[in-house]
Amino acid sequence: MRKKVMIAGSFVLILGILLAVVFADRVKIAGDDCGSVVYRYAGKDIETVLSQADSDAIKKIFQGKRLTRDYPACGFSSEVSVRFAAASLVFCPACDGCGIIYLEKADKYFTISPKNTQRLHGILGKYGFAFPCV
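With the working numbering, the residue at position 34 of the sequence shown is 972, and numbering never jumps.
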């Protein structure tokens, strides 16, 4: 009897974890919306629309990433951000240059790989961004 309870409990626990992973909040950027960037730091005041190619590349980096609640100490600001959907989706890359992104509307974070962090910084660098910006 005890063995059956342990097996059933393990099954429920594994099922719960699988459901949490499958149905977790994820980054969703819809449509052909061309993004924009804001960079107000170190005497720069930049606000401009991304090219379609750069917008698509950033969407590809962000799309589908799992959002989590966290409180990293990287430093985030909407004054250093990428925006989509008429600025209703504000993505704030970590100001210290690490691969953590803050999604303002959801009040959640997601992580991108070191390779994608370099790609993102390269794209944003074309628009005048410089990391770190703390």
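Note that the Cβ used here is the ideal one computed from N, Cα and C, for glycine as well.
Going by DSSP in three states, residue i sits in which element: helix, strand or coil?
i	result
ARG1057	helix
VAL959	Confidence at VAL959 is low in this model, with a pLDDT of 44, below 50, so its placement is unreliable and the value that follows should be read with caution. Three-state DSSP puts VAL959 in a helix.
Start and end of the beta strand (DSSP E) containing residue i?
i	result
ILE1038	1038-1041
PHE1069	Note, PHE1069: premise wrong, no beta strand (DSSP E); not H, not E.
Please look up how many angstroms separate the CB atoms of residue i and residue j, rounded, as I've assumed it's under 8 Å.
i	j	result
ARG964	LEU1027	Actually they do not touch by this definition, with Cβ atoms about 13 Å apart.
GLU985	SER993	Contact flag wrong, Cβ pair sits at about 15 Å.
SER900	VAL987	Given a span of 939 to 1072 for the chain in the structure shown, any question on residue 900 remains unanswerable.
TYR1047	ILE1061	No, TYR1047 and ILE1061 are not in contact; Cβ-Cβ is about 20 Å, not under 8 Å.
LYS982	GLY1066	6 Å
TYR979	CYS1071	5 Å
PHE1014	TYR1040	4 Å
* **Unbroken stretches of the alpha helix (DSSP H), 4 residues or longer, contained in the region 967-1031** => 990-1000
Checklist entry - Taking one C-beta from the region 1050-1062 and one from the region 1017-1036 each time, how about it: are there three or more such pairs within less than 8 Å? => result yes
Is it true that the region 990-1001 meets the region 1036-1054, where meeting means three or more beta-carbon pairs spaced less than 8 Å apart? Flag = yes, the region 990-1001 and the region 1036-1054 touch.
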